[in-house]
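Q: Protein sequences appear in the order of chains A and B.
Heads up, the first sequence is in our numbering, so the first residue is 8 and it goes up one at a time.
Heads up, the second sequence is in our numbering, so the first residue is 26 and it goes up one at a time.
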Amino acid sequence: MSVNAPRSIDDYLKQLRSALAGEDAALVQDALYDAEEYLRAEVAAHPDRSEADVLEFISSTYGAPEEVAAAYRDTEVKVKAALQTPAPRAAAQGSGVRRFFGVFMDVRAYTSLIYMLLTLATGIAYFTVVVTGLSLSVGFAILIIGIPFFLAFIGVTRVIALGEGRLLEAVTGERMPRRPVHPGPSASWLTRIGDMLKDARTWTTLLYMLLMLPLGIVYFTVAVTVLSVGLAFTAMPFVSVAQHLGLAANLTLFSDDARIGAFVLAEHSLLASLLLGIVGVLLLTLLMHLARGLARAHARLAKTLLVEPGSA
Amino acid sequence: MDDSQARKFQKDLNAGLVALVLLAVLERSTEDLYGYEIAKRLQRANEGEALFKEGTVYPVLRALAAAGLLTSRVVPSYAGPARRYYRITDEGRAMLGQWTHIWRQTRGFVDRFIEGTDS
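#1: CA-CA distance, A:Ala94 and A:Gly172?
#2: For chain B, check one thing: does any of its Cβ atoms lie closer than 8 Å to the Cβ of A:Arg208?
#3: Quick check: the Cα distance between A:Ala28 and A:Ile149, rounded to an integer number of angstroms?
#4: Considering only residues of the same chain and omitting the five flanking positions on each side of A:Ala99, which have a CB-CB separation below 7 Å?
#5: Counting only Cβ pairs nearer than 7 Å, list the residues of chain A close to B:Arg108.
#6: Please list, in chain order, the chain B residues whose beta carbon lies closer than 8 Å to that of A:Gly70.
#7: Can you list, in chain order, the residues of its chain whose CB lies under 7 Å from that of A:Asp60, leaving out five sequence neighbours each side?
#8: Can you confirm whether A:Pro93, when its beta carbon is compared against all beta carbons of chain B, has any partner nearer than 8 Å?
#9: Give a yes or no on whether the C-beta atoms belonging to B:Leu154 and B:Ile127 are separated by under 8 Å.
#10: Go ahead and label A:Asp37 buried or exposed: buried means 16 or more other beta carbons lie within 10 angstroms of its beta carbon, across all protein chains shown.
#11: Got a sec: is the Cβ-Cβ distance from A:Met8 to anything in chain B below 8 Å?
#12: Exposed or buried, B:Asp115, counting other C-beta atoms within 10 Å across all chains shown (16 or more means buried)?
#13: What runs of the alpha helix (DSSP H), each 4 residues or longer, lie entirely inside the region 270–317 of chain A?
#14: Taking 8 Å as the threshold (beta carbon to beta carbon), is A:Glu4 in contact with chain B?
#15: Once the 5 residues before and after A:Leu333 are set aside, which same chain residues still bring their CB inside 6 Å of it?
#16: Whose C-alpha, out of A:Leu213, A:Pro13 and A:Leu234, is nearest the C-alpha of A:Glu63?
#17: Closest Cβ-Cβ distance between A:Thr311 and chain B: below 8 Å?
#18: Does A:Glu58 get closer than 8 Å to chain B when you measure Cβ to Cβ?
#19: Going by the beta-carbon positions, is the gap between A:Glu58 and A:Ser15 smaller than 8 Å?
#20: Report yes or no: is there a C-beta of chain B within less than 8 Å of the C-beta of A:Arg185?
#21: Which partner residues of B:Thr96 appear in the DSSP bridge assignment?
#22: Taking only three categories from DSSP, how would you classify B:Leu58?
#23: Please determine if the region 225–244 of chain A and the region 279–287 of chain A are in contact, where contact requires at least 3 C-beta pairs separated by less than 8 Å.
#24: Kindly indicate if chain A contains any beta-carbon less than 8 Å away from that of B:Ala119.
#25: Let's see if you can read the secondary structure: which residues bound the alpha helix (DSSP H) around A:Thr68?
#26: Name, please, each residue of chain A whose Cβ falls closer than 7 Å to the Cβ of B:Val85.
#27: Taking the continuous alpha helix (DSSP H) assigned at A:Thr139, which residues delimit it?
#28: Helix, strand or coil: which one does DSSP assign to B:Ala31?
#29: Indicate the three-state DSSP secondary structure (helix, strand or coil) for A:Phe156 in the structure shown.
#30: Near A:Leu127, what residues of its chain come up, given a Cβ to Cβ distance below 7 Å and the 5 sequence neighbours on each side ignored?
#31: Out of A:Arg165, A:Asp41, A:Gly146 and A:Ala52, point me to the one whose CA is closest to A:Thr211's CA.
Right under this line is the structure:
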C-alpha cells in the first residue's frame, strides 16, 4: 500500500477513482469532489510544506484511497436502503390486474407524468441556452471577451446538467451526482478552455440539451393528448347519467365540431358512454405506465450523456 | 489480539456514532461549517489521536443531508474548489435529541457490565 502512496492531489484522485471502479458514476463524482475539496484545503492550510509532503500524511488523516472508497461504498448502501421510497408491495406482487392498476399507487408514476409535462419548458430553455451560447461564443471568438464568455457558457451548462440530474433523481430514483463537476486546479484560461474542449462530457452535455427540445415536444404532446382524451372518456358515463337525469342538459365535454361519432352516440346511450368510460380508465392507466417507463429510460439517457463520459 | 481486529471493532462502533457526533458538532456551532472544518474540529477535539479517518466524514455528511437532517449551500472559495457549508435542520435537532437519549442509555448499559457495578 505504501509502495505507491500518492504523491500529489492528482495522483490521489486517480487512485481513489480506480478504487471506486465499477461503482455508480454519480457516486464516483461525489467522492472525487469531496476528496479534492479536502486535499486542496489541507495543502492550502500548510503553505510551508510542499504538496508531496502534505500528501505523505494524508492516509493517516483523510484516509488512504481504498479506505475512503470503502467508506463511500458502505454509506451508499445504507443510505439507499434508508431513503429510497420502497416500491409499493401491491404493485410488485399480486395478479396481473392488480399490478396493472397498482401504478396509481406509485408516487413515481405521478412525478414522471409531471416531468413529461415539464420537458416542453425545460427543452425550449436548454435548446435556447445552447444555441445562443454557441453562436455568441463563435461570434465573440475574435474579441477579447470570447474566452471568458465561452467559459461562463460551459459553466452554465454544467450547472443545468447538475440541476437536471437532481430533478431526474427526484422523479425516477436513478442515482445522479449531488456535486457539480470539479473545476480542477486553477489554471490559465487557455489550458482550461483546452481541457473543456477535450472533455467528452462538455459535448455530450450540449448534445443532451439540444436533444431535450424534440424529446420535450414529444413527451409533452403525448402526455397532454392521452391525459385529456383519457380524462374526457372517463368522465363520459357521469355526464351521460347526469344528462339522462336531466341534471345537466347543457353540459357537454366536446365542442360542436368534435361531437361526432362515438361522442354523439355516448350522449344518447348509457351503455356506449360506459364503454367509453372504461376505455378512458384504461388509457389513463396506460399513460401512467408509459410515463414511469419513459422517465426511467430518459434518466438512463441523461446519465449516459451528462454523467458517465466524465468518469470514463 | 492483533491490531486489525481492534481497528475492525472501532469501525463497527463508529458506524452510527459518526453521524451522532456530526449532528452534535453542527448543533453546537453558531455558524455553518464545511467538510474540512468539521473534520479538523473532530481531529483537534481528540488530541490528534484519530478515532476515524476524516475521509469517512464526508459520505456521512452527504447521507445526513440527503435524509433532510442537514441543509447545505455551496460557497465559492478563493483557495480552491467551492465549499459546501452544512447547517442542522429542525428535523436534525429532533433526531439528535433521540439519538443522544439512545446513546446515554447504551453507554450506561455497557458501563454497568464493564465497570462491574452490576451484580
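Where a beta carbon is used, it is the ideal one built from N, C-alpha and C, also for glycine.
Note that the coordinates shown come from a computational prediction; the quantities given were computed from them, not determined experimentally.
A: Per the coordinate set shown:
#1: Model confidence at A:Ala94 stands at a pLDDT of 47, short of 50, so the residue's coordinates are unreliable; what they give is reported in the following sentence. Cα to Cα, the separation comes out at about 21 Å.
#2: no
#3: If you take the alpha carbons of A:Ala28 and A:Ile149, they lie about 42 Å apart.
#4: Because the pLDDT of A:Ala99 is 49, which lies under 50, any placement of that residue in the model is unreliable, and the number read from its coordinates should be weighed accordingly. Within the same chain, A:Ala99 has no close Cβ partners at all.
#5: Those within 7 Å of B:Arg108 in chain A are Glu44.
#6: Lys78, Glu79, Gly80 and Thr81
#7: Apart from the 5 residues on each side of it in sequence, A:Asp60 has no Cβ closer than 7 Å to any other Cβ in its chain.
#8: Note that A:Pro93 scores 48 on pLDDT, short of 50, meaning its location in the model is unreliable; the coordinates nonetheless yield the value given after this. Judged by the 8 Å Cβ criterion, A:Pro93 is not in contact with chain B.
#9: Any question about residue 154 of chain B goes unanswered here, given that chain B covers just 26 to 144.
#10: buried
#11: Since pLDDT at A:Met8 reaches only 44, below the 50 mark, its modelled position is unreliable, and no value is offered.
#12: Burial is judged here by how many other beta carbons sit within 10 angstroms of a residue's own beta carbon; B:Asp115 has fewer than 16 and is exposed.
#13: 277–313
#14: Outside the displayed span of chain A (8 to 319) sits residue 4 of chain A, for which this structure offers no information.
#15: No answer is possible for residue 333 of chain A: it lies beyond the span of chain A, which begins at 8 and ends at 319.
#16: A:Pro13
#17: no
#18: no
#19: yes
#20: yes
#21: B:Arg112
#22: strand
#23: yes
#24: no
#25: A:Thr68 -> no alpha helix (DSSP H), and no H or E assigned at all.
#26: Thr82
#27: From DSSP, the alpha helix (DSSP H) with A:Thr139 extends over Val114 to Phe147.
#28: helix
#29: helix
#30: Gly223, Ile224 and Phe227
#31: Looking at the Cα atoms, A:Arg165 is the closest of the given residues.
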